[in-house]
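Student: Here it is: the structure, laid out below.
Protein chains: 2
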Amino acid sequence: MPNTDRFGPPWWHGKFRGCGYRLTIGREAILDVLSKSEGHLSAEDIYMKVHPRYPSVGLTSIYRTLDVLSHLGLVYKLDFGDGRARYELAEGPKGSHHHHHLVCTDCNRVIDYTDFIDDEVELLRQTEKGLGEKYKFKITNHVIQFYGLCERCGSRK
Amino acid sequence: MPNTDRFGPPWWHGKFRGCGYRLTIGREAILDVLSKSEGHLSAEDIYMKVHPRYPSVGLTSIYRTLDVLSHLGLVYKLDFGDGRARYELAEGPKGSHHHHHLVCTDCNRVIDYTDFIDDEVELLRQTEKGLGEKYKFKITNHVIQFYGLCERCGSRK
DNA sequence: CTATTAGTGGAAATCATTTTCATTAACTTC
DNA sequence: GAAGTTAATGAAAATGATTTCCACTAATAG
């Protein structure tokens with residue numbers, strides 16, 4: 000399951016070049032891991048997955064790269080309240096799998112949901128437009144999360 | 000501008016008693032500060048404001064209390080990406096001032112907005128219901144935030 | 001009023017993330 | 001393709017928000 004299209008370099012190459020960033024082994028390795036992993040990885044999770052194949056890539060670079068990637072909009076940086084940032088790949092060129100999160104405030108379990116996503120996204124699009132104009136914000140991203148007790152934690156009370 | 004109703008103790012007393020929590024000087028001092036401050040205070044901000052009047056309340060207790068308060072639903076714990084948690088009072092008994100946030104990813108400035116809030120809240124209410132049923136989640140709270148570049152940071156590029 | 005135990009402050013520990021700095025390697029230019 | 005420019009890097013040290021520890025205090029129950 001390679002990350003390259005059959006006919007060219009991965010779709011993110013252009014994004015890098017366009018912004019004057021260099022495309023390094025480490026950066027590709029990280030995008031590679033993110034694109035192959037489901038879920039919400041912490042910097043250290045990513046380090047663990049990158050390290051076996053690219054032992055020369057250090058944790059520091061993981062952090063630096065994730066920062067670049069999230070500023071480029073290729074990656075979302077998320078906070079689920081467990082004291083470490085989590086990262087997930089923003090949608091690919093095909094705009095696949097947009098979802099939001101349901102977070103248990105007790106055990107920090109996270110459920111990705113796509114139900115109602117269309118209505119949500121439609122409302123967000125409008126709100127984004129309105130807010131952007133009113134506050135002169137160039138909006139690039141949004142977060143919707145619901146917090147509560149998951150089935151297990153809720154019944155354990 | 001006292002925090003007590005004219006006819007009784009502050010509205011939050013019941014919440015504490017009901018859950019078996021004790022009502023201490025420190026806890027009241029923190030709620031007091033939060034209810035009198037606009038904005039999004041960090042634990043240290045709160046400490047700074049509580050300390051002059053109650054020098055015996057330590058930073059540790061601020062953290063512990065904020066944790067209790069946010070689990071009680073009296074306080075929202077927020078992350079604006081600047082490396083420290085921010086807290087704001089959840090709506091009082093009158094359900095006043097519900098708002099969401101617009102965060103600049105460059106300078107971390109935060110704008111509270113209430114535009115479109117009614118539509119958002121209505122959609123959230125429905126979504127909350129649907130998700131709660133489907134995933135057996137007892138949803139207690141939500142976050143909507145938009146990220147982007149504020150006027151200043153956007154034009155500085 | 002006394003007993004019980006939740007809550008506390010301060011110091012020390014933790015631990016995710018950032019900084020520093022000398023070195024490496026991506027890209028540009030010839 | 002080789003050389004120069006400088007962005008990017010790894011390792012170690014620093015940072016800084018938050019948590020833990022533990023002996024002590026004080027809120028509530030009886």
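Residue numbers (numbering that gives the first Met the number 0), protein chains in the order written: chain A, 0 to 156; chain B, 0 to 156. Every residue, glycine too, gets a C-beta built ideally from N, C-alpha and C.
Note down the Cα distance separating B:H100 from B:L123, rounded to an integer number of angstroms.
Tutor: Locating residue 100 of chain B in the second sequence gives position 101, where the first residue counts as 1. Locating residue 123 of chain B in the second sequence gives position 124, where the first residue counts as 1. Cα to Cα, B:H100 sits roughly 15 Å from B:L123.
Student: Taking 8 Å as the threshold, find out whether the stretch 41-53 of chain B comes into contact with the stretch 74-85 of chain B through three or more Cβ pairs.
Tutor: With the cut-off at 8 Å, the stretch 41-53 of chain B and the stretch 74-85 of chain B touch.
Student: Just checking, does the stretch 135-150 of chain B make contact with the stretch 129-142 of chain A on the three C-beta pairs under 8 Å criterion?
Tutor: Cβ pair count under 8 Å is three or more, so yes.
Student: I'd like to know whether the C-beta of B:G57 is nearer than 8 Å to at least one C-beta of chain A.
Tutor: For the purposes of this step, residue 57 of chain B is identified with residue 58 of the second sequence, where counting begins at 1. So no, B:G57 is outside the interface.
Student: Check B:R85 in the structure and name its three-state DSSP category.
Tutor: To locate residue 85 of chain B, count along the second sequence from 1; it is residue 86. Correct three-state label for B:R85: strand.
Student: Using a Cβ cut-off of 7 Å, pull out every chain A residue sitting near B:T126, in sequence order please.
Tutor: Numbered from its first residue, the second sequence carries residue 126 of chain B at position 127. What B:T126 touches in chain A: F115, E119.
Student: So, A:I61 versus A:V74, is the Cβ gap smaller than 8 Å?
Tutor: Position 62 of the first sequence, counted from the start, is the residue given in the question as residue 61 of chain A. Position 75 of the first sequence, counted from the start, is the residue given in the question as residue 74 of chain A. Not a contact, by the Cβ cut-off of 8 Å.
Student: Counting C-beta neighbours from all protein chains within 10 Å, is the total for B:D118 16 or more, i.e. buried, or is it exposed?
Tutor: The count along the second sequence starts at 1 and reaches residue 118 of chain B at position 119. Classification of B:D118: exposed, given that the 10 Å Cβ count is below 16.
Student: For the candidate residues B:E37, B:G25, B:T64, whose alpha-carbon lies nearest to that of B:S55?
Tutor: Position 56 of the second sequence, counting from 1, holds the residue named residue 55 of chain B. Residue B:G25 is the option with its Cα nearest to B:S55.
Student: Is B:S56 helix, strand or coil when you go by DSSP?
Tutor: Locating residue 56 of chain B in the second sequence gives position 57, counting from the first residue. Ser is not the amino acid found at residue 56 of chain B; the sequence shown has Val there. Coil, per DSSP.
Student: With a cut-off of 8 Å on the beta carbons, I'd call A:H116 and A:H97 a contact; round off their distance for me.
Tutor: Position 117 of the first sequence, counted from the start, is the residue given in the question as residue 116 of chain A. Position 98 of the first sequence, counted from the start, is the residue given in the question as residue 97 of chain A. The identity of residue 116 of chain A in the sequence shown is Ile, whereas the question assumes His. Contact holds; Cβ gap of about 6 Å.
Student: Where DSSP assigns a beta bridge to A:L40, which residues make up the other side?
Tutor: Mapped onto the first sequence, residue 40 of chain A falls at position 41. A:Y86, per the DSSP bridge assignment.
Student: What are the start and end residues of the alpha helix (DSSP H) that includes A:H12?
Tutor: Residue 12 of chain A sits at position 13 when you count from the first residue of the first sequence. 12-17 is the span of the alpha helix (DSSP H), which, as asked, contains A:H12.
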